[in-house]
Every structure is written in C-alpha cells, then in structure tokens.
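Data first, discussion second: the structure below is written as structure tokens.
In structure tokens form, the structure reads like this:
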C-alpha cells in the first residue's frame, strides 16, 4: 500500500544500510480503530499500544487498553534463556482473565453487582487491580 511504502522509506539514507525503529502515533477520528489509517498501520507495524481516552479520563496512567494492544514480536522474545518456560501460557491466561473481566463489567452495568456470581466478582476484582 502507499502507507506501507511511506513507512518503509522513513529513515532511508542512500548508500547506507541499517534500520530504524518507528513509533507512529495516530489520532483516530472519533476513536475509531477501524478507520483505514489506524487499521492499515496496525497491519504494517509489528504491534501497537492502544492509549484509551476513557482510561485517561478516569485518571488511569498510563492509559493503555491492554486488549487491543498487541505485539507480533513477543513470540520471538520469549522462551528458553529469555523468559520463564510458561511465559506464553501465563500471558494467554492473563489476557483471557482481563477479557472476561471486561465482559463481567459490562454485565454488571446491566444487571447490577448483586446479580453477579462469586466467580464474576473475582474477575471484576482482577480487572480493577
């Protein structure tokens, strides 16, 4: 794409080899991650950190929304001689618990906290800590 070409040309110096680390910072129209520019940038880059306006408004710093943030490089940086053997499994479990916690939070807004199960309350506690 044209956008990929722009990213690939950034920092290129004729006659020199090397690489550059880019940290593209995008403002999404109406916080829409499906807008073509942030959507394409997500496919082109090796990952993204999603800074969330709602978390910022709640004074949570840094206001990073974990679920839409990702790294395509993590799988290359974990394992023997780099991290714990179970790093990938623990990461997957944390993401799953966080996602369930977000679902429980949405359910609480509809049915109220008193309607939540003890397990739901644990997921909600995990989400808020």
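In the UniProt record's numbering, the protein residues as written are 1 to 129.
Even glycine gets a Cβ: it sits at the ideal position worked out from N, Cα and C.
Span of the beta strand (DSSP E) holding residue i?
i: residue 69; result: 64-71
Counting along the chain, where does the alpha helix (DSSP H) carrying residue i start and finish?
i: residue 90; result: 87-111
i: residue 118; result: 118-128
i: residue 4; result: 2-9
If we ignore side chains and look at the alpha-carbon of each, how far apart do residue i and residue j end up?
i: residue 125; j: residue 71; result: 26 Å
i: residue 40; j: residue 75; result: 22 Å
i: residue 79; j: residue 24; result: 28 Å
Consult DSSP for residue i and reduce its assignment to one of helix, strand or coil.
i: residue 42; result: helix
i: residue 54; result: helix
i: residue 23; result: coil
i: residue 49; result: strand
i: residue 32; result: coil
i: residue 114; result: helix
Indicate whether at least one CB of chain D lies closer than 7 Å to the CB of residue i.
i: residue 69; result: No chain D is part of this structure, which consists of one protein chain only.
For the 8 Å Cβ check, are there 3 or more pairs between the region 79-91 and the region 105-118? Fewer than three Cβ pairs drawn from the region 79-91 and the region 105-118 lie within less than 8 Å of each other, which leaves the two stretches out of contact.
Between the region 48-59 and the region 9-19, can you find at least three pairs of beta-carbon atoms closer than 8 Å? No contact exists between the region 9-19 and the region 48-59.
Pairing CB atoms from the region 58-73 with CB atoms from the region 20-32, are three or more of them under 8 Å? The region 58-73 makes no contact with the region 20-32: fewer than 3 CB pairs, one atom from each, lie closer than 8 Å.
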